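Per this note's numbering, residue 94 is the first one in the sequence shown, and the count goes up by one each step.
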Amino acid sequence: MLDSKRVAAFIARKRRDQGLTQAQVAEKLGVSYQAVSKWERGTIPNVEIVVELAKLLQVSVDTLLAGGESWFSYEKAGIDLESLDAFARDAASFCAPDGPRVVSVPGYAPLLLDIHFPEMQDPLLIMSADTIGAKCKMAAKFGYTEVVGRDIVNDLIVHTCSAGGHPLALTDSLISGNADHGLLRSLIKGISEACRENECALLGGSTCIQPQTMRLGEYTLSATMVGVVEKRKVVDGSTIKEGDIILVVASNGLHTSHYTQMRVMLEEMPQIEKQKIEGETFIQHLMRPHPSYYKALKPLLGRPELHGMPVLTIGGLANSRQLYKIMPDGLTAELDLRKLRPLPFFCFLKNASGYDEQEMLYNHNCGVGLYLIVDKDSAEEISKEIGQYFDCYELGRVKAGDKKVVLKNHIKWE
Numbered sequence: 094m095l096d097s098k099r100v101a102a103f104i105a106r107k108r109r110d111q112g113l114t115q116a117q118v119a120e121k122l123g124v125s126y127q128a129v130s131k132w133e134r135g136t137i138p139n140v141e142i143v144v145e146l147a148k149l150l151q152v153s154v155d156t157l158l159a160g161g162e163s164w165f166s167y168e169k170a171g172i173d174l175e176s177l178d179a180f181a182r183d184a185a186s187f188c189a190p191d192g193p194r195v196v197s198v199p200g201y202a203p204l205l206l207d208i209h210f211p212e213m214q215d216p217l218l219i220m221s222a223d224t225i226g227a228k229c230k231m232a233a234k235f236g237y238t239e240v241v242g243r244d245i246v247n248d249l250i251v252h253t254c255s256a257g258g259h260p261l262a263l264t265d266s267l268i269s270g271n272a273d274h275g276l277l278r279s280l281i282k283g284i285s286e287a288c289r290e291n292e293c294a295l296l297g298g299s300t301c302i303q304p305q306t307m308r309l310g311e312y313t314l315s316a317t318m319v320g321v322v323e324k325r326k327v328v329d330g331s332t333i334k335e336g337d338i339i340l341v342v343a344s345n346g347l348h349t350s351h352y353t354q355m356r357v358m359l360e361e362m363p364q365i366e367k368q369k370i371e372g373e374t375f376i377q378h379l380m381r382p383h384p385s386y387y388k389a390l391k392p393l394l395g396r397p398e399l400h401g402m403p404v405l406t407i408g409g410l411a412n413s414r415q416l417y418k419i420m421p422d423g424l425t426a427e428l429d430l431r432k433l434r435p436l437p438f439f440c441f442l443k444n445a446s447g448y449d450e451q452e453m454l455y456n457h458n459c460g461v462g463l464y465l466i467v468d469k470d471s472a473e474e475i476s477k478e479i480g481q482y483f484d485c486y487e488l489g490r491v492k493a494g495d496k497k498v499v500l501k502n503h504i505k506w507e
């Protein structure tokens, strides 16, 4: 346990040894002199500043935090603070927060976001959070770490869009078993590029190294996104009516779901790892990044003919939670499986796994990324607009009925 009084006395003594005043230390570190004064009265500097303070005082981080030479060592605990600090500087070089709404305050760690929307009468903020699970381990094993960074951003964007909103900003939280510079940089690079491509400001985040609780090479990635939507343009399913057309926008694979099943499948059938499906290996298909759909959906957001936009993430095509939740009482989403266009990947998966059609429908999206429930008079136009970016077609209609979702006919598997 840190001895704050001992650390404080050590900082004060080393500062005087260097011939520096508190104000001079503050100026060199870009902090207030009150902060330096607090350090010398018992407040421990935070991780972001302790490395620079140690360099200024010409001691190691361990020595500084021990208040002198001691048995205590971050390095002995598996945490290399200097390496972590080097990563933080490197990451900042390619994911510096920017955007018209980002307000940066010198010397202030949290970034501020301008939420003045003069073009909106009654803006609402949208909050979404996500964590990438089993796909992280597979990505680390097969060398697709950057994909995971893109996945978490794109997944949050499509959920923001599903409420009719536009993405504004994102913060991330990364916990790793070791400060693997390449792994951490790859993750943050994926996050940064996905944010930039989708007009979302990356405000920053936190990186925590926990070698005592996680294995080397293991990590978890979480993120929170803020979006905005005009209150009267929220897409919540309340305007869904009988006769509406149910369009689907194609997925490009599993997205971020059911990777635990895939890990078990690969353990039992390792021979499928390198089998080719339309020119790509099974692993390449598994590791495709989740599309955000934002460029395709952006012109559609706010249009009154869009009545519902449930995302197909949790569950499979037959038990999509968002589709069930969004359907009003007394109305049924009737889906005609004959019209479904299953991706070749899912046809391969069905044959390799031995799943029957029912199991595929309840476990996988089978080629559907999200639903668009639209007015029947606008369905063809919207399908063509989305079709410029992704395969989009009619899969069903809204009818009167007691069941939320009804499936009819069977999929034409190839």
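Note that the Cβ used here is the ideal one computed from N, Cα and C, for glycine as well. Just so it is clear, the structure is predicted and the values come from calculations on it, not from any experiment.
- One thing to note: His348 has its Cβ within 8 Å of the Cβ of Thr406.
- Cβ atoms of Pro216 and Gly270 stay farther apart than 8 Å, at about 41 Å.
- For Val154, the uninterrupted alpha helix (DSSP H) run begins and ends at 154-159, by DSSP.
- A direct Cα-Cα distance of roughly 48 Å separates Ile225 from Arg109.
- A straight line joining the alpha-carbon of Asp470 with that of Gly330 spans about 18 Å.
- Rounded to the nearest whole angstrom, the CA to CA distance from Phe103 to Ser97 is 10 Å.
- A distance below 8 Å between beta-carbons, with the five flanking residues on each side excluded, links Val196 to the following residues of its chain, in chain order: Leu204, Leu205, Leu206, Asp207.
- A direct Cα-to-Cα measurement between Leu430 and Leu488 gives close to 7 Å.
- It is roughly 15 Å from the alpha-carbon of Asn247 to the alpha-carbon of Phe483.
- When only Cα atoms are considered, Ile219 and Arg325 end up about 14 Å apart.
- For Val251, same chain residues with a beta-carbon under 7 Å away, outside a window of 5 residues either side, are Ser385, Tyr386, Val404, Leu463 in chain order.
- Proximity to Ile466 across Leu394, Glu450, Val241, Pro437 peaks at Leu394, based on C-alpha coordinates.
- The region 412-422 makes contact with the region 491-503; the number of CB pairs closer than 8 Å reaches 3 or more.
- By the Cβ neighbour-count rule, Val357 is exposed, with fewer than 16 other Cβ atoms within 10 Å of its own.
- Taking a cut-off of 8 Å for Cβ pairs, the region 305-324 and the region 434-452 do not touch, as fewer than three such pairs fall below it.
- Rounded to whole angstroms, the gap between the alpha carbons of Lys107 and Val100 is 11 Å.
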